[in-house]
Amino acid sequence: MASELKKMWGIYRETGIFVAACQHGLILWLADMIESGELAKYLLAITAKILEHLGDKNILAYDIGCTFDGTLSHSLLANLAKEQSLHCCVNAFHGTAHNAACQSRYHPDIIPGMGLEDLETLERTFSTSNQVAAVTQYASTLHRHQFINLHFRQWDEDKYMNIAKMVYNNYQQALDITHEDSPAITEAAVVLSVDPNNFEAWEKEQAEYFTLSSQEPEEIVLAITYVELLQDLRSTESSYSNVASHFMSVAPVDFINVSSTRDDQYARELSKTHKAETSRHIMAERREHILRDIVEMEVRMGVTARWQPQDKKYIETLKYIAERKYHRCLDDLQRLVIS
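Read in order, the letters of the sequence shown are residues 1 to 339 in the working numbering.
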């Protein structure tokens, strides 16, 4: 979503609520978002409550839990979160829009003990609480809080009444999956001649691979930067030739008789000449700047002869750039389809 579409109308002081719920759907804490969207400070406040009241070994799921994990590690709560083994992750549905390296570490499907939880509890919570907005939109602060509190108290009572049924259904579903899928996995392992005991090791190897593969080797990064600079230089030199030719075409030929022309015509010609000279000067500076960057890259890479478009290394780097761009477009398309 474009950033301008995320901006809230300035006439509202409270732009929404930030909610934390347990896996059963019961509301733990909620906070007003004041003149802002979903900022990290709200989740940090919720995290402080979790660490204070819920003890050790908890899992905190958030749409961008992977990013928040880094935020938390640089906050004042970092040491306490580490002591209490607080684990951040993404929600099951939103997580599928993240890259493979993220999913191999933060998706609930790979976290031991998560079971069948999709961690999308608040999506279902907000599907009903959005109806409260109609009666709180223009209410006073007191009445707004009363309506919200009334709604979520009823919500908690309904959820508490159905907890036993929900736990039973989840348990029954887990038994059914274990009963039906275990033979299928065993059969597939036989057909593929693999050992099921290796599955966990393969999962760890996959996570390590994605972590390492997301970091391009330095020599490749340098080659990409170098080729892109060469392309910029070629484009800039072409533009410089064009503006230089234009400058020569608008510059006066007869400097002796130029003062005899009319003042208005002289002013127009002078303006055109100044604009052309400015464009030529800007392109010349840009060309010199790119040339300096290219020379620095050549010194760093140990390049003795400047790469040409017909050189093997140049062609291979261009191919890598095109393939990388293609794969990134596929990743973006996948995220758009899922979201």
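Built from N, CA and C at the ideal position, the CB exists for glycine as well.
Owing to the predicted nature of the structure, the values given are computational and were not obtained by experimental measurement.
According to DSSP, simplified to helix, strand and coil, what is residue i?
| i | result |
| --- | --- |
| W202 | helix |
| V60 | The sequence as given places Leu at residue 60; Val does not occur at that position. Residue state, collapsed to three classes: strand. |
| I256 | Caution applies to I256, whose pLDDT of 49 falls short of 50 and renders its modelled position unreliable; the value that the coordinates give is listed next. Coil at I256, not helix or strand. |
| L192 | helix |
| T15 | strand |
| H87 | strand |
| A348 | Given that the chain is displayed from residue 1 to residue 339, the structure contains no residue 348 and the question cannot be resolved. |
| D118 | coil |
| E218 | helix |
| A207 | helix |
| P309 | coil |
| H289 | helix |
| H107 | coil |
| T128 | helix |
| V167 | helix |
| V303 | coil |
| T77 | The sequence given here places Leu at residue 77; Thr does not occur at that position. Coil. |
| P183 | helix |
Quick check on the DSSP output: the alpha helix (DSSP H) that includes residue i runs from which residue to which?
| i | result |
| --- | --- |
| T71 | 65-73 |
| D158 | 141-161 |
| A133 | 133-136 |
| E52 | 40-53 |
For residue i, report the span of its beta strand (DSSP E) as first-last.
| i | result |
| --- | --- |
| M33 | 27-34 |
| C22 | Per DSSP, C22 belongs to no beta strand (DSSP E) and is neither H nor E. |
Mind checking residue i: buried by the 16 CB within 10 Å criterion, or exposed?
| i | result |
| --- | --- |
| D56 | exposed |
| I256 | Because the pLDDT at I256 is just 49, under 50, the model does not fix this residue reliably, and the value given afterwards should be weighed accordingly. Per the 10 Å Cβ criterion, exposed. |
| P112 | exposed |
| A2 | Low per-residue confidence applies at A2: pLDDT is 45, beneath 50, and the placement is therefore not dependable enough to give any value. |
| D69 | buried |
| M283 | buried |
| Y42 | buried |
| I185 | exposed |
| D63 | buried |
| A21 | buried |
| Y326 | exposed |
Would you say residue i reaches chain C, if we count a Cβ-Cβ gap shorter than 8 Å as a contact?
| i | result |
| --- | --- |
| A188 | In summary, chain C is missing from the structure at hand, where a single protein chain is found. |
Check the C-beta distance from residue i over to residue j and give it rounded, since I have them as a contact under 8 Å.
| i | j | result |
| --- | --- | --- |
| A101 | F210 | 4 Å |
| W307 | L233 | Rounded, the Cβ-Cβ distance is 11 Å, inconsistent with contact. |
| E120 | A92 | 6 Å |
| V227 | L318 | 6 Å |
| Q206 | S104 | 6 Å |
| R13 | I34 | 6 Å |
| Q84 | L51 | 6 Å |
| S36 | T15 | 6 Å |
| V167 | F147 | About 30 Å separates the two Cβ atoms, so there is no contact after all. |
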